[in-house]
Structure formats: C-alpha cells, structure tokens
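In our numbering, the protein residues as written are 20 to 269.
For glycine and all other residues, C-beta sits at the position ideal for the given N, C-alpha and C.
Here it is as structure tokens:
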C-alpha cells in the first residue's frame, strides 16, 4: 500500500488571484473546499489538484519545483506564452541560454514554469502538464518512487524521474549541484494514506523509507500531541529536507 499524491500546494499572497491565473492557463476547475480553501481540480489525467495556501511571506528565491508545460507546435508554444502574459504572468530569467528552445515564465507571484518546445521526446507521452521538475538528489527520486508506488522512468547520471502507472505528468529530479534548501518550499506535496489506510501507519512507513517527522512546539505551531495541525495534516521532510504533509484519511 502506498501514498497518493493528493495535491500540490502553492503558498500565495493572494490565493484567489493566483488560482484564477492557473485555472485560466491549465483550463482546470476552480473550487472552494471548506477544508482546503481554494483548490483547482484537474480536467485531464494529471491526477492531483492544486491547493492555494495563504501566506504573508514574499517570494525571494527561485523555487525548487516548477511545471514543465508541453507544446504540440511552435504556434501552440507561442499561444501558451501569450495566454500567460494576458493572464498576468511574465517572462523571467533563471539563467536559460538564448539557444534553448523552452520559454521560462512566471505567474503573477513569481513562481517559475517552463513552456517546452515541440518535439521533446522525454515528455512525448505526457499531456499539457508534462512534468513537475524538481531540484533534488537521486536518493529523493528513489524515495518518492517507493512512497507513491510510481515506477522509475529515468535513472541516469544521478537524474531520476517517476510517473504514475495511470499516466499524467512525470516528476523529475535533476541531481547535483543542488540549490540551497529553504526547508518549507513555496510549492510542496500533500500526500494521502491509501484508501482504508491509517495516517499514523503511513507516517511510520514513510519514516522507514527515509522521511523524517517535523516536530514543532504545540503552542507555537498549533499541533496536537500526534503532530497534526488544525487541518489534521502531519508535517514531514523527505531525504533532501523538503517539507511535505500527510493528510488524514479522506
């Protein structure tokens, strides 16, 4: 039994504005959940939702995770760029070279993403959301493959990638050199125990795979004696130290 990638969480200074941007770009459904706030539900085979979490912290560094969006033609790539700009996004510079075929953009709060050129073989079988591209080690790629029960689809030169057996985007890790780890990233995973499973048992399983519990003072973080916050989530860190949450059973 394995965890399910339930959501990708995005910290947002203006959650509704950011949700509307991504809803317009991805053509996903905007929904309000009493437990999860503002959420986007996928209209394709992506398999996880987007959850927008309010924060007062302003983005100051490049994210360690970003979307790679695919293109079917150069005109299609240009249209995605034009849609991004019309919705309030912008071009951004992360050190890309002029000869590279992909276009690097950012959403209204500066979260980077790439629009990949047509003919990219690595993402050929993926949909519009081709990949979640992560800065991370080979070890963390192995960890998430076991945690989610997703097979490795790439493992070369310390770069790894996994993909759900049901399709959808790949999750990739680029290997060293790694960016500085801020701990809690602005984009991070919410995982759910398997259907009929137990949250604490799943936490124990993830620890056995190499994750760690994040112990916070109850008075400061509002967590109960089991480490749950006020939404029932338990905070953990993967082998690279990136924070994620384990949800209560749903």
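Return the CA-CA distance between residue i and residue j, expressed in angstroms with no decimal places.
i	j	result
residue 70	residue 104	22 Å
residue 161	residue 178	10 Å
residue 156	residue 197	8 Å
residue 188	residue 66	9 Å
residue 112	residue 132	11 Å
Going by the CB atoms, is the gap between residue j and residue i shorter than 8 Å?
i	j	result
residue 142	residue 217	no
residue 151	residue 190	yes
residue 23	residue 265	no
residue 89	residue 140	no
Could you check which residue in the options has the C-alpha nearest to that of residue i?
i	options	result
residue 249	267, 123, 255	267
residue 194	75, 83, 77	83
residue 28	110, 130, 125, 91	130
residue 85	124, 96, 68	124
residue 149	78, 134, 157, 155	134
residue 270	222, 252, 256, 183	Because the chain in this structure spans residues 20 to 269, residue 270 falls outside the shown range and cannot be described.
residue 78	163, 223, 221, 201	201
residue 234	168, 67, 247	247
Quick check on DSSP: helix, strand or coil for residue i?
i	result
residue 223	helix
residue 189	strand
residue 39	helix
residue 137	coil
residue 73	strand
residue 30	strand
residue 166	helix
residue 261	coil
residue 102	helix
residue 97	helix
residue 19	Nothing in the structure corresponds to residue 19, since the chain is present only between 20 and 269.
Taking 8 Å as the threshold, find out whether the region 52-61 comes into contact with the region 174-185 through three or more Cβ pairs. Here the region 52-61 does not lie against the region 174-185, with fewer than 3 beta-carbon pairs under 8 Å apart.
At least three beta-carbon pairs within less than 8 Å, the region 73-81 to the region 218-229: Cβ pair count under 8 Å is below three, so no.
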